[in-house]
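Worksheet: the structure to be examined is printed underneath.
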Amino acid sequence: EAIPEKDVKLIFVNGQQAALDTVLHNGDQVGLAPAVGGM
20 EAIPEKDVKL IFVNGQQAAL DTVLHNGDQV GLAPAVGGM
């Protein structure tokens, strides 16, 4: 099940901020920061 785009504020790939359409490679580490009310 996918996470809705509206629920994600920031995306990180291998510790670097990344775009939603970033191509992932085997071994990449992905981090997501949630959208928080008031932002």
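Counted from 1, the sequence shown has number 20 at position 1 by the numbering used here; the numbering is strictly sequential.
Glycine included, every Cβ here is placed at the ideal spot set by N, Cα and C.
9 Å Cβ cutoff met for residue i and residue j
| i | j | result |
| --- | --- | --- |
| LYS25 | ALA52 | no |
| GLN48 | VAL27 | no |
| GLY50 | ILE30 | yes |
For residue i, the first and last residue of its enclosing beta strand (DSSP E)
| i | result |
| --- | --- |
| VAL27 | 27-32 |
| GLY56 | Taken as a continuous stretch (DSSP letters only), GLY56 belongs to no beta strand (DSSP E), as it is neither H nor E. |
Residue i Cβ short of 8 Å to the ligand HEM heavy atom set
| i | result |
| --- | --- |
| ALA54 | The model on display carries no ligand, and the ligand HEM is accordingly not part of it. |
Beta bridge counterpart(s) of residue i as assigned by DSSP
| i | result |
| --- | --- |
| GLY50 | PHE31 |
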